[in-house]
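First up is the structure itself, then whatever we jot down about it.
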Amino acid sequence: MSEEIKKEKKELPISLKGMNDIIDEDYYAYQGLFEKAQEVAVYYGFKPIETPVLEREEVFLKTLGEESDVVEKEIYAFRTKGGDRVALRPEYTASIMRAYHEHGMNNLPQPVLLYSYGPVFRHDNPQKGRLRQFRQFNLEILGTTQSIADALIIRTLTTILEEFGFKDLIIDINSIGDKDTRAVFIKDLTTYYKKHISEICKDCQERLKTNPMKLLDCKHPECQPFKEGAPSSISYLSNDARHHFKEVLQYLEEMGIQYRVNNTLVRGFDYYNRTVFEVIKVDTDENGKEREITITAGGRYDPLAKIMGGKKDVPAVGTGLGMERIMMFPECKKIMPRIIKAPKVYFIQLGFDAKLKSLCVIEVLRKAHIPVHQSISKDSLGSQLAMAEKMEIPYCIIFGQKEAMDNTVIVRHMETRSQDTVKIDALSDYIKHLK
RNA sequence: GUGCCUAUAGUGUAAUGGUUAGCACGCGGGCUUGUGGAGCCCUCAGUCCGGGUUCGAAUCCCGGUAGGCACACCA
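Oh and the first sequence: position 148 is 721 in the working numbering, straight run, nothing missing.
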């Protein structure tokens, strides 16, 4: 018999790699951050949207670039019983654009400001701040080419991060230009690096074929010297794009947001154009050496709508905040969700007669919106008091045999240890008048 | 996808290749306790999985799986 139980237990399934249960405090940690981010987004005029976790696979295939790692190996895609090809979203942007079209949001006053929050899936190897199922908070502005939209995304994002407790953030920003000028830029970039093909790292030799822009992003020491003389996307910008970029920078200056123009900053996905940015935090590692960490990123994606098959351009800009990524930083505050309130009273009951009535007394308190903690175990009076002490709850309600008979309770002030006997009818008023 | 490290009860840990894998917390139960973190007793529960070496493996070797970290990639 015990053999059987053992066997059964071992066969109980466990959660998938990189997919976690989120329980109690962790749950509230997510919820608290989301509520704060949502609050900021609402202040800046963003509206909520929730799209399905599962979409037609095509929503993501073309948009991210078929060559990208995300599409090649990280997307959770499968065929349904009916034969449809579907995929768990590996990011939000394409879904948002899909929804924009589907609901004719181009008939709303433009631009449309949207925020969204939820799980995202990538079949990747887990590591610090990265899981296979993780959560993102996103901001998108669709329907305008105006530079103020880019600035508003950055402003809202940095405000959220400041509310989370981050300080002294720097925006690394660049413009990768529009489709035509970018093609010329990439061609020149490829020509330039081809001259050095024997000197650059293996990854970069591969990048030369698959994703030349990422050459500028390489961290290998042997590749660093070539960045200096490499063509810069900014010098290829059209007049329009150059003007746009200059305005974005003006907005940032006006708002006092610290930024650096970084000509080596590029993006992995195909749909980005013009403004790309990253939020940088300067950190010191164990050896006291300074290093820069990217905490989140975003950019403009005007070409997305047409890449997805739309007839009209839908200029747009957005950003996505990885929640796990954010939460691993020590300065990220633990923000309690609104529903969690510090309990004002600890309810103690003694003896079965009191216990019978105890739920009714607690209900009186709930109706009066007084948060209560309680022990429904059989602990002694002493240990229940001890619990209240430990939890730093200012008042105890003691409800024993005698009190149950008289329809009263004892209210004890934990600090002064003074006690009052109060009628249950008068209890909520009595407690409301306590500090 | 690649590399390095790790794997003993729910948690934290102990055990030179050699008794029945030990301890603490915890869970569950019982007794005691009307005023500040209590006590006593009982119970539950473990060597990740699969091979190999050996008279004998938690311990050594190989493979898998999972976790951690880094790279790639992404944000």
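Just so you know, even glycine gets a beta-carbon here, dropped at the ideal spot from N, CA and C.
Where residue i falls, given that 16 or more other Cβ within 10 Å makes a residue buried
i	result
Gln709	buried
Arg911	exposed
Gly656	exposed
Thr666	buried
Asp753	exposed
Met592	exposed
Ala959	exposed
His1006	exposed
Lys582	In this prediction, Lys582 scores a pLDDT of 36, lower than 50, which makes its location untrustworthy; no coordinate-derived value is stated.
Ile935	buried
Glu826	exposed
Asp751	buried
Arg671	buried
Gly1018	Because residue 1018 is not part of the residues shown, which for the chain are 574 to 1008, the question remains open.
Lys580	Here Lys580 scores only 37 on pLDDT, less than 50, and its place in the model is too uncertain to base an answer on.
Gln957	buried
Leu894	buried
Pro682	exposed
Ile770	exposed
Thr989	exposed
Boundaries (first-last residue) of the beta strand (DSSP E) holding residue i
i	result
Cys933	Here Cys933 belongs to no beta strand (DSSP E); instead the alpha helix (DSSP H) covers Phe925 to Lys940.
Ala915	Premise fails: Ala915 is in no beta strand (DSSP E) and is neither H nor E.
His986	Thr981 to His986
Glu647	Premise fails: Glu647 is in no beta strand (DSSP E) and is neither H nor E.
Ile971	Tyr968 to Phe972
Asp745	Ile743 to Ser748
Local conformation of residue i per DSSP, three classes
i	result
Glu581	Confidence in Glu581 is poor, its pLDDT being 36 and thus under 50, which makes the residue's placement too unreliable to answer from.
Ala672	helix
Pro785	helix
Leu958	helix
Pro794	helix
Ser689	strand
Leu524	Missing from the structure shown is residue 524; the chain here goes from 574 to 1008 and no further.
Gly998	The sequence shown places Asp at residue 998, not Gly. Looking at Asp998 - three-state DSSP - the assignment turns out to be helix.
Ile868	strand
Asp856	strand
Glu713	strand
Thr732	helix
Ile921	strand
Val1046	Outside the shown range of the chain, which is 574 to 1008, sits residue 1046, and nothing can be said about it.
His1006	coil
Ile943	coil
Gly895	strand
Lys701	coil
Asn680	helix
Short Cβ contact (8 Å threshold) for residue i with residue j
i	j	result
Lys620	Leu686	yes
Gly924	Gly973	yes
Tyr603	Met896	yes
Ile744	Ile727	yes
Ala814	Arg847	yes
Lys917	Ile1004	yes
Ile807	Asn836	yes
Leu788	Lys767	no
Ile714	Gly883	no
Ser720	Tyr824	yes
Phe694	Pro663	yes
Pro873	Tyr832	According to the sequence provided, residue 873 is Arg. The question's Pro does not apply to it. Contact: no.
Ile921	His946	no
Val887	Thr729	no
Ala660	Glu628	yes
Reference residue i; option with closest CA among the options
i	options	result
Ala977	Asp998, Ser1001 and Ser931	Ser931
Tyr600	Ser720, Gly691 and Thr892	Gly691
Phe739	Tyr968, Leu715, Met900 and Ile587	Met900
Gly871	Ile746, Leu742 and Ile669	Ile746
Val984	Glu936, Tyr919 and Met960	Tyr919
His816	Gly829, Val693 and Ser748	Ser748
Asn711	Ile913, Lys1008, Tyr844 and Glu623	Glu623
Ile669	Thr636, Ser953 and Asn812	Thr636
Lys646	Arg898, Asn698 and Val937	Asn698
Thr857	Pro903, Thr989, Ile913 and Glu795	Pro903
Asp642	Asn784, Pro682 and Met828	Asn784
Met987	Ala961, Ser1001 and Asp1002	Ala961
Met786	Asn812, Glu795 and Val757	Val757
Leu822	Ile997, Ala803 and Phe850	Phe850
Ser689	Phe607, Arg658 and Ala650	Phe607
Pro944	Met964, Leu929, Lys914 and Tyr968	Lys914
Thr763	Gly802, Lys792 and Ile733	Gly802
First and last residue of the uninterrupted alpha helix (DSSP H) at residue i
i	result
Gln797	Gln797 to Gly802
Val613	Asp597 to Tyr616
Glu827	Asn812 to Met828
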